[in-house]
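In this note's numbering, the protein residues as written are 2 to 139.
Every residue, glycine too, gets a C-beta built ideally from N, C-alpha and C.
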């Protein structure tokens, strides 16, 4: 069940210079609230973040900071959360000749005193990839 879908802004760590600040599209799915009976999810909270064109910083560059803020703001147990970075397909070059295909990366964090640190990225593969695609494209 989709519980949040909006632009999420974060303050950086650069004071007046606003270094590290940015924004992203944030979608939060909570399968604890799913009425369907069946398999219990080990990570029932799925968070999908995507870059937005007018952000000062890509989410990948601040992923630990953003994950920490999201977990705190939405009262999410980080050990029950699956963090996904989504990069939609986009074209570039003269006449949009070249295409970079969409990509979904899961990010695993080490959590230290409620702070996400040491992110590790891995490309999602089926069947989980197929399920995440269904969520994002619905």
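Going by the beta-carbon positions, is the gap between residue 85 and residue 105 smaller than 7 Å?
yes
Could you check how far apart the C-beta atoms of residue 77 and residue 46 are, in whole angstroms? I think they sit under 8 Å.
5 Å
Distance check for residue 27 and residue 55, CA to CA, integer angstroms please.
15 Å
Let's see if you can read the secondary structure: which residues bound the alpha helix (DSSP H) around residue 132?
Boundaries of the alpha helix (DSSP H) harbouring residue 132: 129 to 138, taken from the DSSP string.
Looking only at its own chain, which residues have a Cβ that is under 8 Å from the Cβ of residue 1, when we skip the five neighbours before and after it?
The displayed coordinates of the chain run from 2 to 139. Any statement about residue 1 would go beyond what the structure contains.
What residue range is occupied by the uninterrupted beta strand (DSSP E) comprising residue 91?
91 to 93
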